[in-house]
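Student:
Protein chains: 2
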Amino acid sequence: MLSINMQKHKPLRELVYEELRMLIMTGQIKPGTRMMEIDLAEGMGVSRTPVREAIRQLEKDNLVTIEPRRGAYVSDISATDMEDMLFVREPLEGIATFLATQNMTEDEIRELTDVNRQYEEAFQKGEREKLIKLDTHFHNLIAEGSHNKYLITVLKNLQEQVLRFRYIYFKSGKRAAEVINEHRLILNSMTERKEEDAKRYSIDHIAKLRESIIKEEDFQTKTVR
Amino acid sequence: MLSINMQKHKPLRELVYEELRMLIMTGQIKPGTRMMEIDLAEGMGVSRTPVREAIRQLEKDNLVTIEPRRGAYVSDISATDMEDMLFVREPLEGIATFLATQNMTEDEIRELTDVNRQYEEAFQKGEREKLIKLDTHFHNLIAEGSHNKYLITVLKNLQEQVLRFRYIYFKSGKRAAEVINEHRLILNSMTERKEEDAKRYSIDHIAKLRESIIKEEDFQTKTVR
DNA sequence: AAGTTGTTTCTTGTATACACAATACAACTC
DNA sequence: GAGTTGTATTGTGTATACAAGAAACAACTT
Numbered sequence: 063m064l065s066i067n068m069q070k071h072k073p074l075r076e077l078v079y080e081e082l083r084m085l086i087m088t089g090q091i092k093p094g095t096r097m098m099e100i101d102l103a104e105g106m107g108v109s110r111t112p113v114r115e116a117i118r119q120l121e122k123d124n125l126v127t128i129e130p131r132r133g134a135y136v137s138d139i140s141a142t143d144m145e146d147m148l149f150v151r152e153p154l155e156g157i158a159t160f161l162a163t164q165n166m167t168e169d170e171i172r173e174l175t176d177v178n179r180q181y182e183e184a185f186q187k188g189e190r191e192k193l194i195k196l197d198t199h200f201h202n203l204i205a206e207g208s209h210n211k212y213l214i215t216v217l218k219n220l221q222e223q224v225l226r227f228r229y230i231y232f233k234s235g236k237r238a239a240e241v242i243n244e245h246r247l248i249l250n251s252m253t254e255r256k257e258e259d260a261k262r263y264s265i266d267h268i269a270k271l272r273e274s275i276i277k278e279e280d281f282q283t284k285t286v287r
Numbered sequence: 063m064l065s066i067n068m069q070k071h072k073p074l075r076e077l078v079y080e081e082l083r084m085l086i087m088t089g090q091i092k093p094g095t096r097m098m099e100i101d102l103a104e105g106m107g108v109s110r111t112p113v114r115e116a117i118r119q120l121e122k123d124n125l126v127t128i129e130p131r132r133g134a135y136v137s138d139i140s141a142t143d144m145e146d147m148l149f150v151r152e153p154l155e156g157i158a159t160f161l162a163t164q165n166m167t168e169d170e171i172r173e174l175t176d177v178n179r180q181y182e183e184a185f186q187k188g189e190r191e192k193l194i195k196l197d198t199h200f201h202n203l204i205a206e207g208s209h210n211k212y213l214i215t216v217l218k219n220l221q222e223q224v225l226r227f228r229y230i231y232f233k234s235g236k237r238a239a240e241v242i243n244e245h246r247l248i249l250n251s252m253t254e255r256k257e258e259d260a261k262r263y264s265i266d267h268i269a270k271l272r273e274s275i276i277k278e279e280d281f282q283t284k285t286v287r
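Protein chains in written order, with our numbering: chain A, 63 to 287; chain B, 63 to 287.
1. Is it true that the CB of residue 173 (chain A) sits closer than 8 angstroms to the CB of residue 203 (chain A)?
2. Which first and last residues belong to the alpha helix (DSSP H) in which residue 128 (chain A) is found?
3. What is the rounded straight-line gap between the Cα of residue 101 (chain A) and the Cα of residue 132 (chain A)?
4. For residue 136 (chain B), which residues does DSSP report across the bridge?
5. When DSSP builds the beta bridges, which residues end up paired with residue 96 (chain A)?
6. Give me the chain A residues within the contact set of residue 130 (chain B), using Cβ-Cβ distance strictly less than 7 angstroms, ordered along the chain.
7. Using a Cβ-Cβ cut-off of less than 8 angstroms, list which residues of the region 146 to 163 of chain A approach chain B; keep chain order.
8. Measuring alpha carbon to alpha carbon, tell me which residue in B:91, B:214, B:77, B:207 is nearest residue 257 (chain B).
9. Under three-state DSSP, which class holds residue 210 (chain A)?
10. For residue 151 (chain A), which residues in the same chain have their Cβ closer than 6 angstroms to its Cβ, ignoring the five residues on either side in sequence?
11. Taking Cβ positions only, does residue 79 (chain B) come closer than 8 angstroms to chain A?
12. Kindly indicate the opening and closing residues of the alpha helix (DSSP H) around residue 303 (chain A).
13. What are the residues of the region 210 to 234 of chain A that lie near chain B, defined by any Cβ-Cβ distance shorter than 7 angstroms?
14. What number of angstroms, rounded off, separates the C-alpha of residue 156 (chain A) from the C-alpha of residue 242 (chain A)?
15. Which residues, in order along the region 168 to 191 of chain B, keep a beta-carbon less than 8 angstroms from a beta-carbon of chain A?
16. So with Cβ pairs under 8 angstroms, would you call residue 261 (chain A) a contact of chain B?
17. Along chain A, which residues have their Cβ under 9 angstroms away from the Cβ of residue 143 (chain B)?
18. By DSSP, does residue 180 (chain A) sit in helix, in strand, or in coil?
19. Residues of chain A with CB closer than 8 angstroms to the CB of residue 118 (chain B), please, in chain order.
20. Verify whether the separation of the beta carbon atoms of residue 158 (chain A) and residue 247 (chain A) is less than 8 angstroms.
21. Can you round the beta-carbon distance between residue 199 (chain A) and residue 224 (chain A) to whole angstroms, since I take them to be within the 8 angstroms contact cut?
22. Which residue from B:143, B:94, B:111, B:128 puts its Cα closest to that of residue 76 (chain A)?
23. Please go through the same chain and pick out, in chain order, the residues whose beta-carbon is closer than 6 angstroms to the beta-carbon of residue 240 (chain A), but skip the five residues on each side of it.
24. Tell me, to the nearest whole angstrom, how far the beta carbon of residue 141 (chain B) is from that of residue 230 (chain B); I am working on the premise that it is less than 8 angstroms.
25. Please tell me whether residue 185 (chain B) and residue 238 (chain B) are closer than 8 angstroms, where the distance is taken between their beta carbons.
26. Any C-beta of chain B sitting closer than 8 angstroms to the C-beta of residue 122 (chain A)?
27. Return helix, strand or coil for residue 153 (chain B), following the three-state DSSP convention.
28. Compute the Euclidean distance between the alpha carbons of residue 81 (chain B) and residue 116 (chain B), then round it to the nearest angstrom.
29. Please check the pair residue 171 (chain B) and residue 253 (chain B), which I expect to be a contact at CB under 8 angstroms, by giving their CB distance rounded to whole angstroms.
30. Please decide whether residue 286 (chain A) counts as near chain B, where near means a Cβ-Cβ distance under 8 angstroms.
31. Using 8 angstroms for Cβ pairs, my map puts residue 226 (chain A) next to residue 87 (chain A). What's the rounded Cβ distance?
32. What does the Cβ neighbour count give for residue 144 (chain B), buried or exposed, with the cut at 16 atoms within 10 Å?
33. Any idea what DSSP makes of residue 190 (chain B), helix, strand or coil?
34. Less than 7 angstroms separating the Cβ of residue 180 (chain A) from some heavy atom of the ligand MN?
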């Protein structure tokens with residue numbers, strides 16, 4: 063029995079979904095692991111139904127792969143997948159930043175600046191979890207600033223995939239220092255409302271992320287399932 | 063009882079999914095329609111379970127919207143949604159074409175050329191259904207030619223949304239003639255392996271599609287659910 | 001010993017029953 | 001008559017039972 067049985071307002075399937083999602087995202091359940099409905103259900107003290115539905119939800123996030131009549135497995139992300147994704151994310155992040163520079167209010171940009179300031183703080187204190195959260199938040203704010211619903215969705219999805227990859231394959235956080243500067247460049251351009259500059263710095267930022275991932279070849283290249 | 067009960071190799075949920083999907087895509091079930099599990103189940107002669115799962119699948123395609131404890135509705139696409147999507151599709155289609163120009167073999171490009179030839183034929187014969195299929199096929203081939211898994215997924219998704227929007231809101235097909243030429247420009251550049259040109263023409267192509275959709279203001283702007 | 005077939009077991013797929021939230025409607029109060 | 005509360009109805013959420021496919025293993029054949 064997991065700690066799932068108190069807030070009765072959310073559907074069970076949601077709770078199960080969030081629980082599993084977190085476990086997979088952070089790598090606590092490893093790629094390739096088979097997810098059996100009964101086991102999970104018993105483990106969390108619910109029936110198979112909500113578990114099934116949660117698993118289906120996870121499939122859409124690319125977190126599990128379902129093989130008909132055989133069951134669900136935690137899906138793997140290869141370095142190639144990662145490259146593919148970052149290759150797509152590059153121009154999209156650029157566009158989002160471009161639009162955000164035009165659309166965001168002074169206040170919103172100030173909020174963004176503040177997030178980056180907090181990021182620096184967290185970096186100095188070495189708070190790794192917080193760093194991840196703040197980086198995510200930074201990019202989400204920009205995405206939302208684009209006011210383009212579809213762009214927001216796709217970028218969030220992409221960011222999550224990257225996040226998961228990093229969780230699973232390298233806990234380093236080497237880039238944190240550089241990230242601060244790269245974010246600053248973007249931020250300055252945004253503050254001065256220089257869309258083109260902001261766009262360019264933003265694209266650079268993702269390109270560097272991509273390079274850093276390609277370079278670090280030291281992760282297991284297991285192609286489980 | 064619908065015509066669903068023969069091929070017993072695919073899971074029921076898949077069949078239900080495909081059936082509903084088609085009905086929604088083509089506008090036979092209109093945006094805002096409530097989809098009640100029991101009704102659908104009885105209508106197709108299956109139990110609620112596969113229907114539920116099919117509906118959840120549809121949600122991920124943005125074809126239905128689920129409100130907890132209230133049920134599922136066929137979701138609507140607004141012109142704004144469409145603009146948002148095409149705005150994102152524009153650069154992505156450009157990138158895909160760029161990559162495809164580098165990656166596709168002579169044979170593959172020939173196949174693409176052939177699809178466009180068939181398109182012209184279908185246009186002369188006025189076969190509307192076929193036109194849609196061939197256009198979809200044309201763009202899918204290019205997407206696949208990029209060899210970028212993520213790009214392929216996103217582009218297919220985007221194309222479907224556009225397709226649905228056109229199915230629902232205008233049956234015209236006015237652009238068919240222009241499309242032929244635009245495709246030709248792309249094709250020629252690809253054949254000559256001029257990536258940059260191909261990319262540019264491809265972006266133009268989507269831009270024109272976007273304009274055509276924005277112009278035609280004659281669709282109902284119902285914001286159901 | 002290797003390969004084939006039959007049987008058992010495990011797990012998913014589907015149907016169904018029951019619980020309970022949301023809504024609509026009726027009766028009651030002011 | 002408007003507003004409020006109680007009740008019935010409807011439909012989703014969850015649990016569970018049963019059907020059937022897939023995999024593992026054993027027994028048998030050659």
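For each residue, glycine too, the CB sits at the ideal point set by N, CA and C.
Tutor: Short version:
1. yes
2. Element bounds for residue 128 (chain A): not the alpha helix (DSSP H) but the beta strand (DSSP E), 126 to 129.
3. Distance from the CA of residue 101 (chain A) to the CA of residue 132 (chain A), rounded to the nearest whole angstrom, comes to 15 angstroms.
4. Bridge partners of residue 136 (chain B): B:126.
5. A:135
6. 73
7. 146, 147, 149, 150, 153, 154, 157
8. B:207
9. Annotated three-state conformation of residue 210 (chain A) is coil, per DSSP.
10. 220, 268
11. no
12. The requested residue 303 (chain A) does not occur in the structure, where chain A is confined to residues 63 to 287.
13. 210, 211, 212, 213, 216
14. C-alpha of residue 156 (chain A) to C-alpha of residue 242 (chain A): approximately 18 angstroms in a straight line.
15. none
16. no
17. 211, 212
18. helix
19. Those are 115, 118, 119, listed as they occur along chain A.
20. no
21. Not really, about 15 angstroms apart at Cβ, beyond 8 angstroms.
22. B:128
23. none
24. The pair is not a contact, with the Cβ atoms about 11 angstroms apart (cut-off 8 angstroms).
25. yes
26. yes
27. DSSP places residue 153 (chain B) in helix when its eight states are reduced to three.
28. Approximately 9 angstroms, taken between the alpha carbons.
29. 6 angstroms
30. In this prediction, residue 286 (chain A) has a pLDDT of 39, which is less than 50 and means its spatial position is unreliable; nothing more can be read from the coordinates.
31. 5 angstroms
32. buried
33. helix
34. This structure lacks the ligand MN, and indeed carries no ligand of any kind.
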